Structure formats: structure tokens, C-alpha cells
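Shown next, in C-alpha cells, is the structure this report addresses.
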Amino acid sequence: MGCCVSSGEERTDREPLAETRPRYSWEKKERPDRSQLIISGQVGVVVCRLPGQLSGRQFHIQDCRQCEIFVLDTTSSLTIHGCTDCTLVLGPCGGSVFVRQCEGCTVVVACQQFRARDCRKCTVYLHCKSQPVIESSHRLRFSCFQAYYDKLRDQFSSADLHPFNNQWSHIHNFTNQGGESDWSFAQETTPPITPPSEGDISGCGLTFQRGRSTVPYSVGPLARPTESEGCVVVMTGEERESRARELLTKLQDQVVLVQTCHSHFKGNEAQAFFGDHKSLLAQIKTGPCIMMELSGENVQQICHSSLEGVPEDVYHLSSGREEGERERETLANYLMSSLTM
Amino acid sequence: MGLLSLLRKFRKQPSRELRILILGLDNAGKTTVLRVLASEQDEIKNTTPTQGFNVKSVHSQGFKLNIWDIGGQRTIRPYWKHYFEGTDVLIFVVDSADMMRMDETGEELSELLQEHKLAGVPLLVFANKQDLDLAMPPDEPAGYASPDLQHNLLIFPQIAEKFQLTSLTDRRWQIQPCSALRGEGIQEGMDWMAKNVSTSKW
Ligand SMILES: Nc1nc2c(ncn2[C@@H]2O[C@H](COP(=O)(O)OP(=O)(O)O)[C@@H](O)[C@H]2O)c(=O)[nH]1
Ligand SMILES: [Mg+2]
Chain A
1 MGCCVSSGEE RTDREPLAET RPRYSWEKKE RPDRSQLIIS GQVGVVVCRL PGQLSGRQFH
61 IQDCRQCEIF VLDTTSSLTI HGCTDCTLVL GPCGGSVFVR QCEGCTVVVA CQQFRARDCR
121 KCTVYLHCKS QPVIESSHRL RFSCFQAYYD KLRDQFSSAD LHPFNNQWSH IHNFTNQGGE
181 SDWSFAQETT PPITPPSEGD ISGCGLTFQR GRSTVPYSVG PLARPTESEG CVVVMTGEER
241 ESRARELLTK LQDQVVLVQT CHSHFKGNEA QAFFGDHKSL LAQIKTGPCI MMELSGENVQ
301 QICHSSLEGV PEDVYHLSSG REEGERERET LANYLMSSLT M
Chain B
1 MGLLSLLRKF RKQPSRELRI LILGLDNAGK TTVLRVLASE QDEIKNTTPT QGFNVKSVHS
61 QGFKLNIWDI GGQRTIRPYW KHYFEGTDVL IFVVDSADMM RMDETGEELS ELLQEHKLAG
121 VPLLVFANKQ DLDLAMPPDE PAGYASPDLQ HNLLIFPQIA EKFQLTSLTD RRWQIQPCSA
181 LRGEGIQEGM DWMAKNVSTS KW
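Just so you know, the protein sequences line up as chains A and B, in that order.
Residue numbers for the first sequence follow the UniProt record's numbering, so the first one is 1 and each next one is one higher.
Residue numbers for the second sequence follow the UniProt record's numbering, so the first one is 1 and each next one is one higher.
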């Protein structure tokens, strides 16, 4: 009964159908404790949700002021509405994060979609799988997600996200008036947040220290250094992620990481994009891979020596300035095209 | 679901072409619905916020089905009207779990229902995201714990009232709960459409 509400005509044949109508998965679900899923009207307090407390549920934060809110767990959907001067650290969200009517907030968040509307003076440290969008907002600042806690890497996987699949810098502004007054890249590369030293959360290993972040710090293609040498590094094989991280640790402060992705090409997908790049294509086709665009003086040589000891059949590195140029352009095009629908 | 099987469903139409228009606020799940209709389940988690529109078409034996999904940000809602012409069915997608935006949703829908170019066009409301914990359930009152949220609560039959659907006499309409993400409820919505489209314009 009451499965659907509809215009008159349908009503007559609705009754007999009532017994046979489909049972939906959400009808069998037990009702969650909603008070755990909503933070509302708090002022000047620290609020925490620890790993395992939400496990992919929906979460809603509303009308808070001067609060520090730590949600160190996965969610399926996040809405942040009407908050002022808050610090929000939000673990991986497998769906969309919608920030509305917020002012003066610092937000650290990883998500499948990021949307902001009617916000002012907020700084967002972002990991986003798709293209982030903003609307009717002013003086927003964006930077790359930077945070670590012990369960974070696993939570990325549970939320169907990958730390290297990050499009944080491709901001689309629906109300673009030109100029930088709506949004800009933040100067700071690490969030100015001190993890709570008391309570259960102090045991989670939370840190914002540079170099510890689960998401590697990338500057995004818009901030790619001009005139400098570029290259693409591809890592394949079981150990691709740990090897990529090792490489990035060695490279830190020597070259700039422009953008990264984690892809698993099927069929002729890779061929279509990377067909002209024979040695790169060969690597990509062997299975899931991590691709990184790097930039800086002598970047290829520095990468080459930093890759010493890595088996040659699990990585690709552009050789020569021209190839580096071509490959980074192809990678950039591929990444743009993956944001189409 | 697949465009081809959809097409088969609708082929009994006397017309040679069918135009389905998907509207709703930004973040409601319109593009996700389109992906389900087009059997792109693999790509669901890659959906990016829509900047303009998406369209999926399928042709078979002289019959053509077009499904339009138009971006729903406030700034681009004024462009919706350019897509009204020739619409056979309107699908309006609602994020049932976004309690703060029910008023905005209701306002947009009632404006749509006053559009001349959409007069008489059957309306299917997808009450989407039923899988989420704070979604308004279709047939029982929601009891949120937080007292200051009470005024935003709606129960499902109230959606109908809120959107003033109960007073609609000039078109057929249906509210169908669904989870586009899980692909549930969409099929039932399409079945309703197939049954109700023919009597509208033709
Ligand atoms: N949990 C849940 N999330 C959904 C559902 N439908 C869409 N979403 C998510 O909601 C967000 C917005 O979806 P999208 O299709 O881009 O919305 P649009 O702006 O209306 O086109 C995405 O993160 C989707 O994955 C659903 O039924 N359940
Ligand atoms: Mg869309």
C-alpha cells in the first residue's frame, strides 16, 4: 500500500497490485539513529565521528558556529548548510558533498562530487573524483586535499574513490563574472588545523603534516609551471601505488606534481588516446595503472635516477623533452575527456 | 535498462518520435537516472555535475527515442524553457534526502507546471535517493531526532500536496520512489510512462 502517489486514473488498478508490488531494498532497512547523522545548531564545540561509526551513511551538518567537526569515516552523501567559522574535516564521501550558505569555514574533504552554492570566504582542501562546481559564491579558496589518519586509505577504497584520482583544481563556476573574486587557489598547501589531543579521536593518527597525506599534493594543470620540462610517469603492477608514493617522496621539493590519475582501461580505450605513444601504451595495457604528470627543471633526469631499482617492466617514463611534452598533453586531454557526463 | 528495451516499450506509440525531458534541481540525480536508462551502470560513479545538458538517443525501424537531461543549477534554470517544445513526458527528479531544499524544489516544479509548452504533458516525479538514511520514506511519517529540523519535514503524500499535484486535473502524474544509484524503482517509472504517454498528445 501507498507505494506510489499518483493521479486519479491509476488508483483503480492500484489496489490489487498492492500485494505484488516490488519490495525495495530501502524498505527492509532498519531505521538508523538520526541524531547520529545530523549535527545542528552547535556553537564553539568539537564534534567527532570516528572510523566505523558512520560506515557510509548520509550525514548532515547545519547552522553551526565556531565548531571543529571531525568526521573520520566514510559517508554516502554530505550536506553542509549555513555554517559559520567552522573547521570541517570530512572523510571520503562516495556521493556528493553539497556546501551551502557557509562563511569563513575551512573544509578538508574527499568526495565523488563537490558542489558549493552561496558561500563566502571558505577554504577547501579538496579531493574530488569529478569536476568540482561552485555557484553564487565569493572569495573561495581551493587547495589539494591534505590529511592522514590510520584508516583513511582503506576508507577511500570503501567509498569507491582512489587517492590518485583527484580533479580538485578543475573548478567550474556557474556564475563566472571573470576575475578572481569568486575563487582562487589557496597559498597554503597544508590545512592550518591542529588535531584534537584529547578523547578517542586522538588515537586515530590524524595529522595534516606535509608529506604524510594520503592524497599526494598536486598543483593542478592551471598552476603548471610555464616553460619548464614535463614528463609522464606510469606505474603498473600490484605494487603500483606504493612505488608511486615512494617515487613522490623522493621527488618532493625537487619537481612539481601537476596531476595524477588511477585508471583501468578496457578494450580500445587506451588505444584511442595513447595509440601514438607506443611505449606508454604498452605499459597502460598491462592492467590498472597510476599516471602522474610531473614538471620542473631536469624533471626526466631526476625521475630517472629516483626510479633506480624499480623493475623496468612496471613503469614508463617519457624520454626526451619532446616526448614528455606530447605525453603530458595527451594525458591532460584524457583527463579532461573523462569529465564529460 | 537499455535504450533499446526502452524503445521497444514505447514503440506502440502512434508517433515516430518520443521526447523525454528530465528536469530537477542540481544534485537531484538527473544524470544518474539518465545513466540507468542508458544502461551505463558502470559509469554511474563517474558522473560529473552537468554544465549544459546530456542527451541520449536511440533509433530503430524508423522510431526514435530522445532523452534530455538538463543541468539544474539555479543560474541555468532559465534555460530549461528552451527544451520544452515537443516534450512527450516530463520526468522531475527530487533528492528525497535533502530536507532543506523541498521548498525550492516545490517552487521550481509548480513553475514548470504552469508552462504552456508543457501543458498536458504527463509528469513522472522520481522521489530519488530512497536508499539514503535521511530520505523521506514514501509511506510513513519521518521522525527526525533533531527538533529544529521538524519544520522541514515532509512525508510522502505531502510531497504531492506540497507540489500541488493533488489539484492537477490537466495531466497524468505519478510519484515513484527510486534509487537511481541502485537502479531500483526506475523500471516501474518507465512502465507507468509507457502506459500513460500515448493518451497525452496523440
Ligand atoms: N545515495 C544515492 N545517491 C545518488 C542517487 N542518485 C544520484 N546520487 C548521487 O547524487 C549526486 C548527484 O547526482 P547527479 O546525477 O550528478 O545529479 P544531477 O545534478 O541531478 O544530474 C551524485 O553523487 C550521485 O552519485 C541515489 O539514488 N542514491
Ligand atoms: Mg546532471
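Backbone N, C-alpha and C define an ideal beta-carbon position, used for all residues, glycine too.
Predicted model only: the values in this text are computed from it and were never measured.
In chain order, His60, Gln62, Thr79, His81, Gly82, Arg100 make up the part of chain A whose C-beta sits under 9 angstroms from the C-beta of Met100 of chain B.
Pairing Thr286 of chain A with Pro191 of chain A gives a Cβ-Cβ distance that is not under 8 angstroms. With contact defined as three or more Cβ pairs closer than 8 angstroms, the segment 56 to 65 of chain A and the segment 188 to 207 of chain A are not in contact.
Here the alpha carbons of Arg328 of chain A and Cys231 of chain A stand approximately 6 angstroms from one another. In terms of beta-carbon proximity, Thr31 of chain B lines the interface with chain A, with at least one pair separated by less than 8 angstroms. Pairing Arg77 of chain B with Leu123 of chain B gives a Cβ-Cβ distance that is not under 8 angstroms. Our two residues, Thr87 of chain B and Arg19 of chain B, have alpha carbons roughly 5 angstroms apart in a direct line. Between the C-alpha atoms of Val258 of chain A and Thr330 of chain A there is a straight-line separation of about 14 angstroms.
For the segment 48 to 61 of chain B, the beta-carbon criterion of a distance under 7 angstroms to any beta-carbon of chain A is satisfied by Thr48, Pro49, Gln51, Asn54. For Thr330 of chain A, the uninterrupted alpha helix (DSSP H) run begins and ends at 321 to 337, by DSSP. Ser179 of chain B belongs to the set of residues whose beta carbon lies under 8 angstroms from a beta carbon in chain A. Within 8 angstroms of the CB of Met292 of chain A, no CB atom of chain B is found; the nearest one sits about 20 angstroms away. With a minimum length of 4 residues, the unbroken runs of alpha helix (DSSP H) contained wholly in the UniProt domain "C-CAP/cofactor C-like" (22 to 176) of chain A fall at 25 to 28, 152 to 158.
Ranked by Cα distance from Glu85 of chain B, the options B:Lys56, B:Leu118, B:Met190 are led by B:Leu118. By alpha-carbon distance to Pro311 of chain A, the top candidate from A:Gln131, A:His264, A:Glu238, A:Gln271 is A:Glu238. One alpha carbon belongs to Pro216 of chain A, the other to Leu37 of chain A, and they sit about 30 angstroms apart.
In the DSSP assignment, Trp68 of chain B forms a beta bridge with B:Leu21, B:Val55. Contact annotation, Asp182 of chain A with His138 of chain A: C-beta distance approximately 6 angstroms; criterion of less than 8 angstroms satisfied. Here Lys278 of chain A is exposed. Its C-beta has fewer than 16 other C-beta atoms within 10 Å. The closest CA to that of Val55 of chain B, considering only B:Arg35, B:Gly72, B:Ala135, is found on B:Arg35. With a threshold of 8 angstroms between beta carbons, Val133 of chain A makes contact with chain B. In the displayed model, Thr105 of chain B falls within a helix according to three-state DSSP. In the structure shown, Gln114 of chain B adopts coil according to DSSP, grouped into three states. Listed in chain order, the non-local C-beta contacts of Leu152 of chain A below 7 angstroms within the same chain comprise Gly91, Thr214, local neighbours out to five positions each way being set aside. Put simply, the CB of Tyr24 of chain A is near chain B, with a gap under 8 angstroms to one of its CB atoms. Annotation: Arg100 of chain A to Asn66 of chain B spans about 34 angstroms, alpha carbon to alpha carbon. Within the segment 207 to 257 of chain A, the runs of alpha helix (DSSP H) that reach at least 4 residues and sit entirely inside it are, in chain order, 240 to 251.
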